[in-house]
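Contents: one structure, followed by commentary.
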Amino acid sequence: MYFYDDDIQGFIEDNDIKFIRMSFCDILGNMKNIAIMPGELSRAIEYGIPFYTSDVLGEKPTTLMLKPDTHSLSVLPWRPQSGRVVRFFCNLFNTDGSPYEGDLRRNLGMTVEKLRKMGCNCSVSTRCEFYLFKTDINGNPTDIPFDNGGYLDIAPLDKCENARREICLSLEEMGLNPISSCHKSGPGQNEIDFASSDPLTAADNMMHYKTVVETVAATHGLYASFMPKPLHDEIGSALKIYISITKDGKPLLDGECSEGKAFEAGVRRYLPEFTSFMNSIENSYQRLESMKNDGTLLVMENENIPGCEPELEIRSADAYCNPYLTLQLLLEAGIEGMEKGLDSFSDNEPKLPDTLREAMELTAKSEFVARHIPASCTDNFVRKNKTNQKRA
1 MYFYDDDIQG FIEDNDIKFI RMSFCDILGN MKNIAIMPGE LSRAIEYGIP
51 FYTSDVLGEK PTTLMLKPDT HSLSVLPWRP QSGRVVRFFC NLFNTDGSPY
101 EGDLRRNLGM TVEKLRKMGC NCSVSTRCEF YLFKTDINGN PTDIPFDNGG
151 YLDIAPLDKC ENARREICLS LEEMGLNPIS SCHKSGPGQN EIDFASSDPL
201 TAADNMMHYK TVVETVAATH GLYASFMPKP LHDEIGSALK IYISITKDGK
251 PLLDGECSEG KAFEAGVRRY LPEFTSFMNS IENSYQRLES MKNDGTLLVM
301 ENENIPGCEP ELEIRSADAY CNPYLTLQLL LEAGIEGMEK GLDSFSDNEP
351 KLPDTLREAM ELTAKSEFVA RHIPASCTDN FVRKNKTNQK RA
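The numbering of the sequence shown is my numbering, which starts it at 1 and goes up by one.
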């Protein structure tokens, strides 16, 4: 929902909003928030809400300020209709009012602005897969899939359709743009697709999406897993990212434009160096290993489909990534390809690292990553990753 600042207070009062969640994303892609009361919103918009960074950002403890992006308001539909709850995504500031360098959401916005200054307009859509598992009598997750359905199955084989429908309706009620859903190949595996939007909105939608899926699954007595390879003998779950770029109203990624080819070449060249951010847990590499004989990691989509804009599809990412960081690095890689006039090597797949350790070593020595990600963020990622390998 989009509001001018003066309109927000009226919306809060008219809709009986009692709690406001001030949300942001840590380096590993986990949603964090502070809940404030409506009377604090004006102060939050003008000055920010302070919080202590200990155990959140993984760096020397300090105090930062959360300021809501007032264009990002969403009502949480699963909360009570009386005393409702809304969420804002926030930007991070130092206490002196200067932007915090590790604010990855802002940094993505700066990369999008860089593309705009080059005369380019970028859109991103995502398709994110997940498994639904049964829970035991105590509500704890099991490794038993909710059904034995397969690709594009319908009921009764597809027992997940009611949960998927509720997820889509919740997303739509929040002002997001799901466009389709289906049962995927694995038992209990599902996918929901989002419409194209600007990169910042696409990243915000991804953060909302995971929260909605997990919440709705729980109301059905199920456990939603975004683990890249939750079942050893079944297909893994991907976060597929689709990037389209136009310049002067013309698509760049049509397979013919030299700038579009250079953009693709940049992504291919630098992708291995930031794979640790896109695939941030050990389990990610079990999925990537299983993909080696299943097709390409980057492909051009929609080149010959009427009514569809050509897109670059990136298949290697998974839902354990930080979407702001992932999209920023993908776009920066493409920008560098355009600036350097790189040649496209569409027949040469990027050689991705085989393990998380190898991926992190590539990132640590990458000049590309160092140019675009503050050293404090990379150090933060390394520290927190070492202590979070078991998170589900």
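Ideal placement from N, C-alpha and C gives every residue a C-beta, glycine not left out. Keep in mind it's a predicted model, so treat the numbers as computed, not measured.
Going by DSSP, ARG287 is part of the alpha helix (DSSP H) stretching over 282-291. When C-beta atoms of the segment 274-290 are compared with those of the segment 318-332, three or more pairs fall below 8 Å, so the two segments count as touching.
Around the CB of SER125, 16 or more other CB atoms lie within 10 Å, so the residue is classed as buried.
Of the residues assessed, ASP204 falls on the buried side of the cut-off, its CB having 16 or more other CB atoms within 10 angstroms.
Taking C-beta separations shorter than 6 Å and ignoring five residues to either side along the sequence, the partners of PRO230 in its chain run TYR131, following chain order.
Here the segment 35-42 does not lie against the segment 103-115, with fewer than 3 beta-carbon pairs under 8 Å apart. Taking 8 Å as the upper bound for CB-CB distance, LEU362 and GLU273 are in contact here, some 5 Å apart. Pairing LYS247 with GLY255 gives a Cβ-Cβ distance that is not under 9 Å.
In the assembly as shown, LEU152 is an exposed residue. Its beta-carbon has fewer than 16 other beta-carbons within 10 Å. In the three-state reduction of the DSSP assignment, ILE137 falls in the coil class. Annotated as distal: SER225 and LYS184, with beta-carbon spacing of 9 Å or more. Note that the C-beta distance between HIS372 and THR111 is below 9 Å. In the structure shown, the three-state DSSP call for MET227 is coil.
For SER23 against ASN33, the beta-carbon gap comes to about 4 Å, under 8 Å, which counts as contact. Every alpha helix (DSSP H) of 4 residues or more that sits fully in the segment 20-89 is shown, in chain order, as 41-46. Secondary structure note for TYR242: its beta strand (DSSP E) is the uninterrupted segment 239-247. Look at ARG127 here: in three-state DSSP terms it is strand. When the beta-carbon positions are compared, MET174 and LEU253 stay at least 9 Å from each other. Distance check between CYS90 and each of ALA218, MET118, ILE49 and THR63 places ILE49 closest, using alpha-carbon atoms only. Per DSSP, the continuous alpha helix (DSSP H) segment holding ASN385 begins and ends at 375-386.
Only buried fits GLU311, as 16 or more other CB atoms lie within 10 angstroms of its CB.
About 7 Å separates the Cβ atoms of ARG269 and GLY337, confirming a contact at the 8 Å cut-off.
TYR209 is the residue among TYR209, ILE243, PRO374 and HIS71 whose C-alpha sits nearest the C-alpha of CYS168. Taking all protein chains in view, the Cβ of ASN15 is surrounded by fewer than 16 other Cβ atoms within 10 Å, so the residue is classified as exposed. Here DSSP, grouped into helix, strand and coil, assigns PHE194 to strand.
SER170 and SER376 have their C-alpha atoms roughly 36 Å apart. In this structure, LEU352 places its C-beta atom within 9 Å of the C-beta atom of LEU288. Taking every protein chain shown into account, the CB of GLY266 has 16 or more other CB atoms within 10 angstroms, so this residue is buried.
A distance of 9 Å or more separates the beta carbons of ILE314 and LEU331.
GLN189 is bridged by DSSP to TYR131. Burial check for PRO145: the Cβ neighbour count within 10 Å reaches 16 or more, so the residue is buried. The beta carbons of CYS25 and ALA319 sit about 13 Å from each other, so the pair does not count as a contact at 8 Å. Shortest Cα-Cα distance from GLY341 to any of VAL216, CYS257 and LYS18 involves CYS257.
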